[in-house]
Each structure stands twice: as structure tokens, then as C-alpha cells.
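Let me begin by presenting the structure, written as C-alpha cells, before commenting on it.
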Amino acid sequence: MDDARWQDECVAESENTATTSTSSTMTSTEQRIWDAAIELFGRRGFAATGIRDIAREAGITVATLYHYMTSKEELLCRVMVDAMNVQLTAARPAETRYSDPRERIKHLVRQHVSFHCRFGLVARVTDSELRSLNDGARHQVVALRDEYEAIWQRTLEYGREQGIFDIGDLKLTTRAVLGTCTSVYAWYRPDGPLSVDQISDEYCAIVLRQCVVHGTSS
């Protein structure tokens, strides 16, 4: 699946409908710029990508590119903010839909793993390029990331309070679980032996084995 279409094609399991972001209102030129930026930032890295590279990849002039953006930093920030908003939209229903903490964490794991499998370049950019943002943009992305992480932390805490999850340091466990699920983008291949759904289910089982009290059904 084309990473550049991720905003419109990322399906939220909670609603079984497409979770859309800015790409639904983009012109064709804006979409080409977006596609080019994700491809180049993901493959080369932000520092190694120049404005002329983005324009060339998008099939437009540099002057036209500047009509749609003020800097490549602005474009990077937009990609990262949209990526976090898509994941937040998919994650939020976990806390209202499920009373069982095991179902909550499975919902979160499935959404996270699915996103990072299907939209690997976007995931790579979001995971590795935070350092490339200026202070204001970094604060915006970190605030969204913290909100997303808090959903996971509350879910694990709820499971511990219910006597279902056996975990020690809550913040450390949250980050360890997220790190495990995030790493899938580094090795997943669409032509591999397992489907995204199969991988998501296996990751659910891995996380539950890590967290669930021994003897409690997962």
C-alpha cells in the first residue's frame, strides 16, 4: 500500500470507517508534494532531502513548491502532526468501548501495529525525525505523542487496578510495550508470509503474555 495515501486509507477498527486527515482536501499538486516528501524523508532522511529534491520528485518547480509551503520543516511538521492525529483518532475509542482491560490493550496494539505495518515510511519519519523540528513544532508533536502514550498508560494502569495486569513501573512498561509494537515498521514487508491482521494478532498475544497475571485468561 502506498504510504502517501495513509491519511485517507488508515482504517480505524473502532468504527470500521476511514480515518481521514488533510489529504481529503488536498489538490492534486498538494498530494504530489505530500507523496514526494514522505518518500524522500522516509528513504533518505530529512537532513539529506533538499527543497529541489522534493520539487523534482513531485514534478513541479521550486517556485510552485513554495506556493504551497514555506519550508521543508513546515512540511515535516505537518506529516508528523497528521500521523499522530490519525493514531489518536484510532486509539481513543479503546477507553470508552471496552470495560475489559485486555480488550482495551488489544485494540491499542492492533491499531498501532496495523498503522506501522501499512504506513512504514510515515512511521519511520515520525519515529526518527523529531530532532529535525524546531522548538515550537517539536513541542506540538511531543504534546500529541504524550496524549497518545497516556491512553496506553491509563489502559495498563486500569488493568493493574483490576488485578488483571501484573506490571511494575507503569511509565517504563508503557514505553516498552509501545517500543515493541512500533518496531514492526522496520522489518514488515507486504509480500511476507504473514498478513497485517495475523501480525497484529500475534503482537496482541505477545503483549498479553507480558502483562497479564499468571493464571488469568487472556
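In the UniProt record's numbering, the protein residues as written are 1 to 218. Note that CB positions come from ideal geometry on N, CA and C, so glycine has one too.
Identify every residue that forms a DSSP beta bridge with residue i.
i	result
V212	F165
Grouping DSSP H, G and I as helix and E and B as strand, with all else coil, what is residue i?
i	result
E99	One point to set straight first is that residue 99 is Ser, not Glu, in the sequence displayed. Coil.
L172	helix
I105	helix
R138	helix
S28	helix
D191	coil
residue 221	This structure cannot speak to residue 221, because the chain is shown only from 1 to 218.
T61	coil
L133	coil
C204	helix
T22	Legend: pLDDT at T22 = 48, less than 50; position of this residue unreliable, no value from coordinates given.
In the DSSP assignment, the alpha helix (DSSP H) including residue i goes from what residue to what residue?
i	result
R44	Premise fails: R44 is in no alpha helix (DSSP H) and is neither H nor E.
R52	I51 to A58
V122	G120 to S128
Kindly give me the distance between the Cβ atoms of residue i and residue j, rounded to whole angstroms, as I take these residues to be in contact under 8 angstroms.
i	j	result
R104	T155	5 angstroms
S128	L76	Not confirmed; about 11 angstroms, so no contact.
A36	I54	5 angstroms
V109	S200	7 angstroms
V79	V122	7 angstroms
L88	E149	That belief does not hold up - the Cβ atoms of L88 and E149 are roughly 10 angstroms apart, past 8 angstroms.
Y203	C181	6 angstroms
V125	G42	5 angstroms
I38	A58	Not a contact, Cβ separation roughly 11 angstroms.
A213	G168	Strictly speaking, residue 213 in this sequence is Val, with Ala absent from that position. Not confirmed; about 13 angstroms, so no contact.
A90	I151	Not a contact, Cβ separation roughly 10 angstroms.
R138	L130	6 angstroms
Unbroken alpha helix (DSSP H) runs of length 4 or more, entirely within the stretch 67–96: which are they? 72–91
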